[in-house]
Amino acid sequence: MPAPRTSTARPSARPSARPVLSAREAQALREAMALRALAAGQPLTPVQAAALRTATAQRTTPGASRTAPRPPARRPAAKGRTATPGLTRRPTKPRRRAAQRPATRTGSAWPTRLRVVALSTLLLPAVAALVLPGAGDGRRNGSLDDTSLALAAQSSMLEDAGRYRLLEQEVAQRRTELRQAQDAERAARADVEARQATVGVTAAKLYRATPHERYPLLSLSVRDAAMTSGALYGQSLAERADRELTAEIVRAQRSSVALAVAGDRVALAESAVREADDRADAVLAAVRSTVDDLTPEITSVLAGLGAVPVTGPQQERNQQATARWQQYLGQLAAAGIAPPPAADIADPADLPAGFTPALDAAGQPIPGVVWAVIGSSPVTVVSAETAAAVSTALSQLGKPFVPGTTGPDSYDCGGFTAASWLRAGHAVPATPQDQWATGAPVPLDNLQIGDLVYAPGGQDVAIYLGDGEVVGASATTFQVSVRSLTSGSTATRVTLPAPAQPNPPLPVAEAGACGAPLPPAGERTASWGGWSNGQIPGEALCQLGVHRHALRCDAAASYGQLDAAFTAAFGTRLCITDSYRSLASQVSAFARKPKLAAVPGTSNHGWALAVDLCGGINVEGSPQFTWMTANAARFGFVQPDWAAPGGEKPEPWHWEYGYIS
Numbered sequence: 003m004p005a006p007r008t009s010t011a012r013p014s015a016r017p018s019a020r021p022v023l024s025a026r027e028a029q030a031l032r033e034a035m036a037l038r039a040l041a042a043g044q045p046l047t048p049v050q051a052a053a054l055r056t057a058t059a060q061r062t063t064p065g066a067s068r069t070a071p072r073p074p075a076r077r078p079a080a081k082g083r084t085a086t087p088g089l090t091r092r093p094t095k096p097r098r099r100a101a102q103r104p105a106t107r108t109g110s111a112w113p114t115r116l117r118v119v120a121l122s123t124l125l126l127p128a129v130a131a132l133v134l135p136g137a138g139d140g141r142r143n144g145s146l147d148d149t150s151l152a153l154a155a156q157s158s159m160l161e162d163a164g165r166y167r168l169l170e171q172e173v174a175q176r177r178t179e180l181r182q183a184q185d186a187e188r189a190a191r192a193d194v195e196a197r198q199a200t201v202g203v204t205a206a207k208l209y210r211a212t213p214h215e216r217y218p219l220l221s222l223s224v225r226d227a228a229m230t231s232g233a234l235y236g237q238s239l240a241e242r243a244d245r246e247l248t249a250e251i252v253r254a255q256r257s258s259v260a261l262a263v264a265g266d267r268v269a270l271a272e273s274a275v276r277e278a279d280d281r282a283d284a285v286l287a288a289v290r291s292t293v294d295d296l297t298p299e300i301t302s303v304l305a306g307l308g309a310v311p312v313t314g315p316q317q318e319r320n321q322q323a324t325a326r327w328q329q330y331l332g333q334l335a336a337a338g339i340a341p342p343p344a345a346d347i348a349d350p351a352d353l354p355a356g357f358t359p360a361l362d363a364a365g366q367p368i369p370g371v372v373w374a375v376i377g378s379s380p381v382t383v384v385s386a387e388t389a390a391a392v393s394t395a396l397s398q399l400g401k402p403f404v405p406g407t408t409g410p411d412s413y414d415c416g417g418f419t420a421a422s423w424l425r426a427g428h429a430v431p432a433t434p435q436d437q438w439a440t441g442a443p444v445p446l447d448n449l450q451i452g453d454l455v456y457a458p459g460g461q462d463v464a465i466y467l468g469d470g471e472v473v474g475a476s477a478t479t480f481q482v483s484v485r486s487l488t489s490g491s492t493a494t495r496v497t498l499p500a501p502a503q504p505n506p507p508l509p510v511a512e513a514g515a516c517g518a519p520l521p522p523a524g525e526r527t528a529s530w531g532g533w534s535n536g537q538i539p540g541e542a543l544c545q546l547g548v549h550r551h552a553l554r555c556d557a558a559a560s561y562g563q564l565d566a567a568f569t570a571a572f573g574t575r576l577c578i579t580d581s582y583r584s585l586a587s588q589v590s591a592f593a594r595k596p597k598l599a600a601v602p603g604t605s606n607h608g609w610a611l612a613v614d615l616c617g618g619i620n621v622e623g624s625p626q627f628t629w630m631t632a633n634a635a636r637f638g639f640v641q642p643d644w645a646a647p648g649g650e651k652p653e654p655w656h657w658e659y660g661y662i663s
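In the numbering used here, the protein residues as written are 3 to 663.
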């Protein structure tokens with residue numbers, strides 16, 4: 003174990019050696035940070051996006067390489083408008099555009115600039131080209147102007163998605179308050195009914211009672227002294243009953259007041275729910291407006307922003323799917339066709355000029371999909387929202403699978419499809435089961451790009467890409483990836499109205515959540531993602547926040563929760579000495595400790611699912627070890643039999659995410 007680092011205290015009065023940045027230097031630094039985030043495949047912050055837009059605008063000034071201005075993509079004429087032959091331009095909506103193309107500057111370039119500025123100037127187009135699939139094809143990738151607009155759109159959609167998620171939580175809270183108010187109202191109504199029933203029964207008895215029963219004193223007689231005590235006793239009982247009836251009437255009146263107050267609270271809660279719903283709907287409407295204004299060129303660039311490279315044949319398959327999608331958008335752009343809003347093509351009998359309904363094999367219109375003509379051939383045109391959802395989905399390729407997450411750094415299958423469509427202006431639930439229950443079903447023979455496709459059993463969902471392929475967050479590869487459509491799948495279309503009644507649950511099938519393969523009975527395997535032991539690429543793992551320790555992303559998420567619980571119990575974080583061990587590390591460890599280390603290529607640590615812990619956990623019987631044995635399983639971490647006390651090779655420090663050995 004390396005010796006702890008020591009630091010020498012520095013006099014606090016020492017003047018800072020850091021120079022004050024000028025405005026130009028600060029701008030250059032922001033550009034460099036944006037380039038670093040872009041190259042790392044991370045979503046840009048609004049400040050970084052603004053810096054990159056400024057930088058790309060400056061690259062188009064006189065003295066820099068220029069391209070001829072490209073006319074904007076044309077949209078077919080809106081409904082009710084006289085259409086000219088062919089496709090006509092649709093007027094843009096500058097009020098809603100996320101960003102305008104920077105105007106050409108007339109000033110001369112700066113005579114001098116700091117090295118960081120020069121570095122940013124040289125690297126900006128290079129990084130933009132490297133992160134976009136198919137670099138070098140200017141038509142497909144678009145200009146730097148398209149790149150900056152795509153970055154701005156991506157930033158805007160991420161921000162709006164975050165706003166919607168917050169409003170979604172507020173709506174859920176308001177609905178909870180409404181349910182509580184309704185429960186209180188029902189309880190108040192039941193109390194009123196019970197009080198009224200009691201008063202009614204008592205009043206009915208009085209109504210049927212004789213005068214002597216109501217007023218026993220009327221039975222007093224000077225001729226019969228023996229009746230006096232009985233009459234007085236009866237009168238006391240009657241007076242007590244009157245007092246009880248009066249009190250019951252008061253309680254009934256108070257219950258009525260409480261019921262009125264409860265009714266007012268329900269009305270206020272209903273109003274709060276409607277207000278929160280309206281604000282959430284307004285965010286979605288704003289996202290759809292932004293998406294509707296994106297040209298095919300920008301949407302094409304958007305598909306290549308942020309994808310994480312992976313290893314092996316999967317990378318080529320991911321790239322091919324992205325290239326096919328960008329080629330399709332390029333065809334639309336070259337023909338001057340912009341995907342129309344979903345609302346404009348919802349009714350096949352009332353379409354914008356230049357479009358005709360897409361027909362199925364029986365000659366019936368396919369809802370939500372239209373045809374246009376490029377040259378002399380018909381081509382299917384998806385809605386603007388569908389184009390944005392598919393491009394967003396492709397931009398997340400390679401990101402890790404973590405159960406229960408909805409992005410932007412990791413996803414499960416339902417969270418991935420929900421996040422992709424949310425950034426296109428449509429909110430869908432976060433689980434495959436709920437997405438199927440609330441979606442508009444479509445037959446597989448009418449499957450279209452952008453549809454949600456559910457594997458048999460309904461526990462896995464992905465987005466259809468065409469050509470028999472889907473993109474989704476897979477528990478098989480533990481990453482967002484392109485894969486083949488599963489036979490026997492079902493599908494829903496997001497842009498169509500939800501059914502009046504929920505869809506019945508899909509038939510049960512033997513499959514794990516999000517496509518996780520079920521291991522054969524009695525067999526334990528730690529293999530995942532198609533990688534070999536110790537040869538898992540770093541980008542497929544998630545850091546634990548301690549030195550360079552990393553695990554498979556779902557294990558890393560659970561480790562973080564375990565760490566938080568341990569910290570709450572002991573006041574210190576988990577102490578860790580070992581996690582993922584690469585093949586090279588296994589070779590080194592075996593050379594140094596051949597009797598203790600596993601044979602290279604067989605270590606449990608080579609699957610990124612095992613940790614060695616310290617800080618007391620490594621001591622059998624310690625409070626920390628006892629706590630782990632009682633609580634670790636709640637977070638998915640267990641100790642294999644061979645490492646447990648009394649096992650074949652006791653190692654109290656060794657814990658695994660699930661039984662893998």
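Idealized CB from N, CA, C, for every residue including glycine.
- Around Ala-211, the same chain offers no residue with a beta carbon nearer than 7 angstroms, after the five sequence neighbours per side are excluded.
- With respect to the 9 angstroms criterion, Glu-187 and Gly-265 are classified as neighbours on the basis of their beta carbons.
- In this structure, the CA atom of Pro-652 is about 4 angstroms from the CA atom of Ala-645.
- Taking the CA atoms as reference points, Ile-368 sits about 19 angstroms from Val-392.
- Under the three-state reduction of DSSP output, Gly-468 falls in the strand class.
- The DSSP-derived three-state label of Gln-175 is helix.
- A residue is called buried when at least 16 other Cβ atoms come within 10 angstroms of its Cβ; Gly-460 meets this threshold and is buried.
- Check the Cα spacing between Glu-541 and each of Ala-513, Ala-566, Pro-501 and Tyr-582: the tightest is with Tyr-582.
- Bounds of the beta strand (DSSP E) holding Val-455 are 454 to 456.
- With respect to the C-alpha of Ala-305, the residue from Ala-190, Arg-319, Arg-191 and Thr-324 having the closest C-alpha is Thr-324.
- Shortest Cα-Cα distance from Asp-436 to any of Asp-462, Val-589 and Gly-452 involves Asp-462.
- For Val-259, the closest alpha carbon among the candidates Arg-191, Val-312 and Leu-208 is that of Arg-191.
- If you check the CB distance, Ile-465 and Leu-449 do not come in under 9 angstroms.
- In the DSSP assignment, Leu-615 forms a beta bridge with Ile-578.
- For Ile-251, no beta strand (DSSP E) encloses it; the enclosing alpha helix (DSSP H) starts and ends at 229 to 294.
- Exposure of Glu-512 is indicated by the presence of fewer than 16 other C-beta atoms within 10 angstroms of its C-beta.
- Gly-470 and Ala-189 have their C-alpha atoms some 55 angstroms from each other.
- Restricting attention to Thr-388, Arg-575, Ala-420 and Ala-593, the CA atom closest to the CA of Ile-619 is found in Arg-575.
- When DSSP assignments are scanned along the region 296 to 342, the uninterrupted stretches of alpha helix (DSSP H) that are 4 or more residues long and fall wholly within it turn out to be 298 to 304 and 315 to 336.
- Straight-line measurement puts the Cα of Trp-373 at about 6 angstroms from the Cα of Phe-357.
- The alpha-carbon of Gly-638 is positioned some 20 angstroms away from that of Thr-408.
- A direct Cα-Cα distance of roughly 35 angstroms separates Ser-486 from Arg-636.
- Asp-414 and Ala-426 have their C-alpha atoms spaced approximately 19 angstroms apart.
- In this structure, Pro-405 and Ala-515 form a Cβ contact; the two beta carbons are roughly 7 angstroms apart against a cut-off of 8 angstroms.
- Counted as a single uninterrupted DSSP element, the stretch harbouring Gln-481 is not any alpha helix (DSSP H) but the beta strand (DSSP E) occupying residues 481 to 486.
- A residue is called buried when at least 16 other Cβ atoms come within 10 angstroms of its Cβ; Pro-354 meets this threshold and is buried.
- Per DSSP, the unbroken alpha helix (DSSP H) holding Thr-419 starts and ends at 415 to 424.
- Taken atom to atom, the span from the alpha-carbon of Ala-567 to that of Leu-611 is near 19 angstroms.
- Between the alpha carbons of Ala-634 and Asp-565 lies a gap of roughly 10 angstroms.
- Residue burial is scored here from C-beta neighbours: Leu-467 has at least 16 other C-beta atoms within 10 angstroms and is therefore classed as buried.
- Looking at the backbone, the Cα of Arg-326 and that of Ala-340 are separated by about 17 angstroms.
- Collapsing the DSSP output to three states places Leu-222 in coil.
- Per DSSP, Ser-560 has no beta-bridge partner at all.
- Taken through DSSP and simplified to helix, strand or coil, Gly-474 comes out as strand.
- Straight across, the Cα-Cα distance linking Val-640 with Lys-595 is about 25 angstroms.
- Under the Cβ criterion (8 angstroms, minimum of three pairs), the region 160 to 178 counts as touching the region 269 to 276.
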